[in-house]
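Enquirer: If you're matching positions, the sequence shown starts at 1 in the UniProt record's numbering and goes up one per residue.
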Amino acid sequence: MSPFRKRSSGGSDTSPIPSPSKRLSRILSRSQSGSESAPPPSSQPLSQAPDSPSKRTPLGIANVANIFIKMRRAHDQIKPWHIESLSGEDPQSHPGVLEGATSTAREPLRHTDVFICDGAVNVAQLLRATRKSLLDLADLIGANALVDEKWNCTICGPKHRPNGTFKVEISYTASATRSDRPDPHRPVALDKVKGVPGLMTVVKRIGTNS
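Following this line, the structure appears as structure tokens:
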């Protein structure tokens, strides 16, 4: 005998079981008829979402260009190995030369040299070369000594490499005169020089008189 018995015809549960599709149609019909209404909306207002933080205004092309220009100017003002030195505010004379002058006549002279140096800058040696040019000029006009001397020196070093060449500009002024005392052939105020230590090689020299 089969273990699955048929239900008796006299039982209370004899109606067929509705299919899922029929159940869904009944639920829809009830919702449309209003028999099962949705719960009323809450009377409390919904909380608003926090405001998003303000966005920063993007920089325009002109503003960015101005920033780069300022950075470039600040960079150009920084000159590596830019060294300046000078003898002093007032002209100087070697002791005895001015006192031994045999003439009151003085001829003002000026000589400027531009040196291109490699490896180092020996300012004292370059000053001697510039002063000698002044003394040679004084000799051409009949003088034999220099008084009232004054000089300044500017060193511009390499920008892109530490062992490059240096541009040195020296301006030397003095007055030519005749004196019983021999000229010392030495620049004044050598204790004021500022150079670059090392072994110097002069690559080029450009001199002008005025």
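Glycine included, each C-beta is placed from N, C-alpha and C at the ideal position.
A quick note: this is a predicted structure, and the numbers were derived from the prediction, not measured.
Please list the terminal residues of the continuous beta strand (DSSP E) segment that includes Arg178.
Expert: Premise fails: Arg178 is in no beta strand (DSSP E) and is neither H nor E.
Enquirer: Just list the residues that DSSP pairs Ile83 with in beta bridges.
Expert: Ile155, per the DSSP bridge assignment.
Enquirer: Can you give the Cα-Cα distance for Gly142 and Asp136, rounded to whole angstroms?
Expert: Approximately 10 Å, taken between the alpha carbons.
Enquirer: Whole angstroms are fine: how far does the CA of Ala129 sit from the CA of Val202?
Expert: Each residue's Cα considered, the two are about 11 Å apart.
Enquirer: Just confirm the distance between the C-beta atoms of residue 230 and Val168, as a whole number of angstroms; I'd bet it's less than 8 Å.
Expert: Outside the modelled stretch of the chain, which goes from 1 to 210, sits residue 230, for which no answer is possible.
Enquirer: May I have the straight-line CA-CA distance separating Leu140 from Glu107, to the nearest angstrom?
Expert: Each residue's Cα considered, the two are about 12 Å apart.
Enquirer: Within 10 angstroms of the Cβ of Glu149, are there 16 or more other Cβ atoms? Answer buried if so, exposed if not.
Expert: Result: buried.
Enquirer: For Gly119, which option in Val196, Glu99, Lys204, Tyr172 has the closest C-alpha, if you only look at C-alpha atoms?
Expert: Taking only the C-alpha atoms, the option nearest Gly119 is Val196.
Enquirer: Does the beta carbon of Asp136 come closer than 9 Å to any beta carbon on chain E?
Expert: In summary, chain E is missing from the structure at hand, where a single protein chain is found.
Enquirer: Quick one: residues in its chain with C-beta nearer than 7 Å to the C-beta of Gly96, no 5 flanking neighbours on either side, listed in chain order?
Expert: Closer than 7 Å at the Cβ level, and outside the excluded window around Gly96, lie Arg181.
Enquirer: At the level of alpha carbons, what is the spacing between Arg110 and Glu99?
Expert: If I take the Cα positions, the gap works out to 22 Å.
Enquirer: Judging by CA-CA distance, which residue of Gly207, Cys156, Asn152, Gln92 is the nearest neighbour of Leu86?
Expert: Looking at the Cα atoms, Asn152 is the closest of the given residues.
Enquirer: State the start and end residues of the unbroken beta strand (DSSP E) segment that holds Thr104.
Expert: Counting along the chain, Thr104 falls outside any beta strand (DSSP E), and DSSP gives it neither H nor E.
Enquirer: For Lys132, which residues from the same chain have a beta carbon less than 8 Å from its beta carbon, with the 5 sequence-adjacent residues on both sides left out?
Expert: Closer than 8 Å at the Cβ level, and outside the excluded window around Lys132, lie His185.
Enquirer: Once DSSP output is grouped into helix, strand and coil, what is the label at Asp191?
Expert: Three-state DSSP puts Asp191 in a helix.
Enquirer: Along the chain, where does the beta strand (DSSP E) containing Arg128 start, and where does it finish?
Expert: First-last for Arg128: 123 to 140, but that is the alpha helix (DSSP H), not the beta strand (DSSP E).
Enquirer: Compare the beta carbon distance of Ala138 and Ala174 with 9 Å and say whether it is the shorter of the two.
Expert: It is a contact, given that the beta carbons lie within the stated cut-off.
Enquirer: Just to confirm, is the Cβ distance from Ala105 to Ala145 under 9 Å?
Expert: No, they are not a contact pair.
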